[in-house]
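The letter at position 239 of the sequence shown is residue 239 when you use full-length UniProt numbering, and the numbering goes up by one with no holes. Beta carbons are placed, not taken as given, at the ideal position from N, Cα and C, and that holds for glycine. Keep in mind it's a predicted model, so treat the numbers as computed, not measured. Below: one structure, written as structure tokens.
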Amino acid sequence: MLQLVTVPCLADNYAFLVHDSVTGQTALIDAPEPGPILTALRQHGWGLDDILLTHHHWDHIDGTAALVEATGARVTGAAADAHRLPPLDRAVAPGDRITICGESVDVIDVPGHTVGHVAFHFPDSKLAFTGDSLMALGCGRLFEGTPAQMWDSLTRLAALPRDTLICSGHEYTTSNGRFALSLEDVPPALILRMEGVERARAAGQPTVPSTLAEELATNPFLRARDPAMKAALGMADAQDAAVFAALRARKDKF
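As structure tokens, this is what we get:
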């Protein structure tokens, strides 16, 4: 199992370090800014071998060049997004399997927030780095993709093992939770989860990562296929993707 370190960056971003104590290798997923990441590496006495980029938005890539200069790390990102990512040493496509820190990693297609967005799944360590696709109690705003694309992406991620840790890119859990609590169907698990979120934030602790099991039970976007949610929204006979689209439209106006 790889060691996971969550690194707060910028105002509300997260980067993630994974480290293999056997090989001594370390990888970074997303590079919002170099300072906090370099500090975390120094604190642990680690180098940096790989940088994996989920998508092209500046707050996930702007630290890449400085980190490469400081560490010599190899940069991996989606071939479809290579024209708007930092220079890639390895371009990958959905369905590819690569080796990072001695572990096999699956590249998953997750368009919606952007086109060309990918997630990285480390099945042995039960980690999924989802960027701004599936997020804690939410999902990314649809800047480039369609609701149907995002629903397909969420469906792929929802099929991962329930004990997978969902490592998403932002500390948006409180605002996402407020939206979830505003809906017509509020499961008891959501109320309990939000109590924990409030305690964590009051203590200055991150609410990311979360387990996929938590998201399946409480994330309103994953619950678009839940009959209770559909009935509460007056969409009992609607297709799952249509319910998701309605929820996403409501969140955009919330």
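Note on the region 52–129: whole beta strand (DSSP E) runs with a minimum of 3 residues are 74–78, 90–92, 97–100, 103–109 and 118–122, in chain order.
As a beta-bridge residue in DSSP terms, residue 27 pairs with 18 and 50. In summary, residue 143 is exposed, with fewer than 16 beta-carbon neighbours lying within 10 Å of its beta-carbon over all protein chains present. Residue 136 is not a Cβ neighbour of residue 182, given a cutoff of 7 Å.
Where residue 207 is concerned, there is no enclosing alpha helix (DSSP H), because DSSP gives it neither an H nor an E. The C-beta distance from residue 49 to residue 26 rounds to 6 Å, short enough to meet the 8 Å contact threshold. Here the alpha carbon of residue 157 sits roughly 33 Å from the alpha carbon of residue 45.
Excluding the 5 residues flanking it on each side, residue 105 has same chain C-beta neighbours closer than 6 Å at 98, 120 and 122, in chain order. Taking C-beta separations shorter than 6 Å and ignoring five residues to either side along the sequence, the partners of residue 79 in its chain run 91 and 93, following chain order. Residue 164 carries a coil assignment under DSSP once its states are collapsed to helix, strand and coil. Taking the Cβ atoms as the reference, residue 203 lies roughly 25 Å from residue 164, outside the contact range of under 8 Å.
DSSP, reduced to helix, strand and coil, places residue 186 outside both helices and strands of the structure shown, so it counts as coil. CA-CA distance, residue 213 to residue 219, rounds to 10 Å. Here residue 22 is exposed. Its C-beta has fewer than 16 other C-beta atoms within 10 Å. By the neighbour-count criterion, in which 16 or more other beta carbons inside 10 Å mark a residue as buried, residue 151 falls on the buried side. Residue 3 is bridged by DSSP to 19.
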